[in-house]
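What follows is a short report on a single structure.
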Amino acid sequence: MKYLHLLYLAAFSWWGVSVVSVDMASRKIPNSRIVFGFRLLLLALGLLAVNSLLGYAGQVTSFLNWNFYALWALHFFWAALAGIILWYTGIWPAGDAKFFMLCAAWLPVIDPYIRNFPNYLFVGLLVNTFVAAALVAFGSYIASGFYQASPADFFAELWVDVKARFASLAGEGARGGWRIAAYLSNMTFLFLLQQVLNMETRYFLGRFIGRTDIIYFFLFFLWDKIGGVFGSKKWLYASTACYALYFFAGYFFFYDRLAALLLAAFVNVFKFSLLLFFGRFMLEHLMEKKDTVYVGPRELEPGMILSAKAARTLKENPVFEGAFDDCFKDGLTEEQVGLLQNWLAKLPVQDPKIETVKGKPFALWIFAGAALTLLLDRGLVTFFK
Numbered sequence: 003m004k005y006l007h008l009l010y011l012a013a014f015s016w017w018g019v020s021v022v023s024v025d026m027a028s029r030k031i032p033n034s035r036i037v038f039g040f041r042l043l044l045l046a047l048g049l050l051a052v053n054s055l056l057g058y059a060g061q062v063t064s065f066l067n068w069n070f071y072a073l074w075a076l077h078f079f080w081a082a083l084a085g086i087i088l089w090y091t092g093i094w095p096a097g098d099a100k101f102f103m104l105c106a107a108w109l110p111v112i113d114p115y116i117r118n119f120p121n122y123l124f125v126g127l128l129v130n131t132f133v134a135a136a137l138v139a140f141g142s143y144i145a146s147g148f149y150q151a152s153p154a155d156f157f158a159e160l161w162v163d164v165k166a167r168f169a170s171l172a173g174e175g176a177r178g179g180w181r182i183a184a185y186l187s188n189m190t191f192l193f194l195l196q197q198v199l200n201m202e203t204r205y206f207l208g209r210f211i212g213r214t215d216i217i218y219f220f221l222f223f224l225w226d227k228i229g230g231v232f233g234s235k236k237w238l239y240a241s242t243a244c245y246a247l248y249f250f251a252g253y254f255f256f257y258d259r260l261a262a263l264l265l266a267a268f269v270n271v272f273k274f275s276l277l278l279f280f281g282r283f284m285l286e287h288l289m290e291k292k293d294t295v296y297v298g299p300r301e302l303e304p305g306m307i308l309s310a311k312a313a314r315t316l317k318e319n320p321v322f323e324g325a326f327d328d329c330f331k332d333g334l335t336e337e338q339v340g341l342l343q344n345w346l347a348k349l350p351v352q353d354p355k356i357e358t359v360k361g362k363p364f365a366l367w368i369f370a371g372a373a374l375t376l377l378l379d380r381g382l383v384t385f386f387k
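First residue of the sequence shown? That's 3 in this note's numbering, and the numbers climb one at a time after it.
If you want it as structure tokens, here you go:
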């Protein structure tokens, strides 16, 4: 059976390299490649099912039992949900999200004993994907600074970017201080609630709630959609009331763990804050900085991708009445292009422009993440023995 899995590894590698090469050349993943990869996956699953059928009939001794296919379906559900979230939140275009789903679906087919299968394998793939992309993006950005005539000016500019990004997130004046306090208070209560629920429901929901990385995942990628909730006054008042209830209940029911749970919540908020700021906001800024293009009304076309800064500005602009609330990485629609052209034409400035970015060939990092997930898992070594 190991030869069958080695064949699947070769087929996945060949298909993945073909998708990456097309994406790097055209900065777009065609649906035909996705459909072909899906058919190839179905063929692989079909051969595994035939082998399982032969195994239950006593014809072969090495086979997967029927439980594997149910676990694979559960894993594919989580991977598909993650891909949809990544597309809906504007992190990836639809092609990259589909490629991620299929890469995730291939992993247990290549290695049925891979770690974290079925419930948390998609998280490991995402971590490997974004860590690989982040290290290369940050490394190339720092390296470019040393090649400049004045590296000191380069790093000074980087520090200015960090401070400007932090100021834009926090806001200005007293309002900014209130917003930071609200974020910290509400986020701390969320992780405090997670600690309490994990302690009290570990036999029911604890296996899911106890995974802080799952909460990190949903918050990290859904932040543009739900992040504003944590900065609202209503939620701050509600969380303050819940704090009072927590200390009252904790005094009577879990006094010995009262401070420990609160400290764990503080630590989680601190780690997530660093992850959110550097892993998303600053990485997004660094990856877009080299590919930024300013275009005027006549140059705007459907399919062009707004920069993260421009997308946030348009979402907050009441003139558009929510037309840019769903601004995906697939590019601008014809309706959005028309609205932008009319708006830019009315601005009292000469030669108005909007900030866009070139498409990023992210399939390379998804494929690299899949390769790292396989190579870093000890179970794969058994197929080469």
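Where is the CB? At the ideal position from N, CA and C, for every residue including glycine.
No experiment lies behind these values; they were computed from the predicted model shown.
Check: Can LEU76 and PRO120 be called in contact, C-beta distance under 7 Å?; Outcome: yes
Check: What do you get for GLN197, buried or exposed, if any count of 16 or more other CB atoms within 10 angstroms of its CB means buried?; Outcome: buried
Check: I need the DSSP call for LEU8, collapsed to helix, strand or coil.; Outcome: helix
Check: Straight-line CA distance for LEU277 to GLY60?; Outcome: 51 Å
Check: Is DSSP giving TYR115 helix, strand or coil here?; Outcome: coil
Check: Closer than 7 Å, CB to CB, is TRP237 near chain B or not?; Outcome: Protein chain content of the structure displayed is limited to a single chain, and chain B is not contained in it.
Check: Label TYR248 either buried or exposed according to how many other C-beta atoms from any shown protein chain fall within 10 Å of its C-beta, with 16 as the threshold for buried.; Outcome: buried
Check: Between the C-alpha atoms of ALA266 and PHE256, what's the straight-line distance to the nearest angstrom?; Outcome: 15 Å
Check: Beta strand (DSSP E) containing VAL269: first to last residue?; Outcome: Element bounds for VAL269: not the beta strand (DSSP E) but the alpha helix (DSSP H), 260–278.
Check: Under the three-state reduction of DSSP, which class applies to THR242: helix, strand or coil?; Outcome: helix
Check: Answer with buried or exposed for TRP89, where buried requires no fewer than 16 other C-beta atoms within 10 angstroms of its C-beta.; Outcome: buried
Check: Give a yes or no on contact between the segment 103–122 and the segment 234–246, applying the rule of three or more CB pairs nearer than 8 Å.; Outcome: no
Check: Can you grab the Cα-Cα spacing for the pair LYS227 / PHE322, in whole Å?; Outcome: 17 Å
Check: Could you name the residues of the same chain whose beta carbon sits closer than 8 Å to that of ALA184, not counting the 5 residues immediately before and after it, in chain order?; Outcome: PHE232, GLY233, SER234, LYS235, TRP237 and LEU238
Check: When the distance is taken between beta carbons, is GLU286 closer than 7 Å to ALA262?; Outcome: no
Check: Exposed or buried, VAL162, counting other C-beta atoms within 10 Å across all chains shown (16 or more means buried)?; Outcome: exposed
Check: Apart from the five residues just before and just after TRP74, which ones in its own chain have a Cβ nearer than 6 Å to its Cβ?; Outcome: PRO110
Check: So, helix, strand or coil for VAL351, using DSSP?; Outcome: coil
Check: In or out: MET26 buried (at least 16 other Cβ within 10 Å) or exposed?; Outcome: exposed
Check: With a threshold of 6 Å on Cβ separation, who are the neighbours of LYS100 within its own chain once the five nearest residues in sequence on each side are excluded?; Outcome: ILE36
Check: In three-state terms, what does DSSP make of ILE356?; Outcome: strand
Check: Short of 7 Å in beta carbon distance, which residues of its chain neighbour PHE391, apart from the five on each side in sequence? Order them along the chain.; Outcome: Given a span of 3 to 387 for the chain in the structure shown, any question on residue 391 remains unanswerable.
Check: Quick one: residues in its chain with C-beta nearer than 7 Å to the C-beta of ALA134, no 5 flanking neighbours on either side, listed in chain order?; Outcome: TRP367, ALA370, GLY371 and LEU374
Check: DSSP three-state call for GLY91: helix, strand or coil?; Outcome: One point to set straight first is that residue 91 is Thr, not Gly, in the sequence displayed. Looking at THR91 - three-state DSSP - the assignment turns out to be coil, as it is neither helix nor strand.
Check: What separation, rounded to the nearest whole angstrom, lies between the Cα atoms of TYR10 and ALA46?; Outcome: 7 Å
Check: Cutting at 8 Å between CB atoms, please list the residues of its own chain near LYS355, excluding the five before and the five after it.; Outcome: TYR296, VAL297, GLY298 and LEU346
Check: Once the 5 residues before and after PHE124 are set aside, which same chain residues still bring their CB inside 6 Å of it?; Outcome: TRP80, ALA81, ALA84 and ALA106
Check: Around the Cβ of TRP352, are there at least 16 other Cβ atoms within 10 angstroms (buried) or fewer (exposed)?; Outcome: Checking the sequence shown, residue 352 turns out to be Gln, not Trp. GLN352 comes out exposed.
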